[in-house]
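Notes follow once the structure below has been shown.
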Amino acid sequence: SSPDFQAKISIAYKEARETSYWLRLLFASKYLTERQFNSLHADCEELIRILGSAQLTMRTKLQKGL
Numbered sequence: 020s021s022p023d024f025q026a027k028i029s030i031a032y033k034e035a036r037e038t039s040y041w042l043r044l045l046f047a048s049k050y051l052t053e054r055q056f057n058s059l060h061a062d063c064e065e066l067i068r069i070l071g072s073a074q075l076t077m078r079t080k081l082q083k084g085l
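Dropping the structure here:
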């Protein structure tokens, strides 16, 4: 159902933001090279934007009762 899907998207969004935090921490701790960090972080940020957009779309649809 739509509310369930929105809940899953919300969880995925929060997890992606947490992953971004851990990637920054790993880079600051020198566990990742700059090249590794830039690649992984760019992918993570893209996912965050996609999930954020999906979350907004779902919220709008649910408010309109679609």
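Every position in the sequence shown, counted from 1, becomes a number in my numbering once 19 is added. Just so you know, even glycine gets a beta-carbon here, dropped at the ideal spot from N, CA and C.
Burial state of L75 is exposed, judged by a 10 Å Cβ sphere holding fewer than 16 other Cβ atoms.
Three or more pairs of CB atoms, one per stretch, sit closer than 8 Å, so the region 23-41 contacts the region 53-71. For the set D23, T38, S20, P22, the Cα lying nearest the Cα of E65 is the one of T38. For L51, the secondary structure class from DSSP, reduced to helix, strand or coil, is coil.
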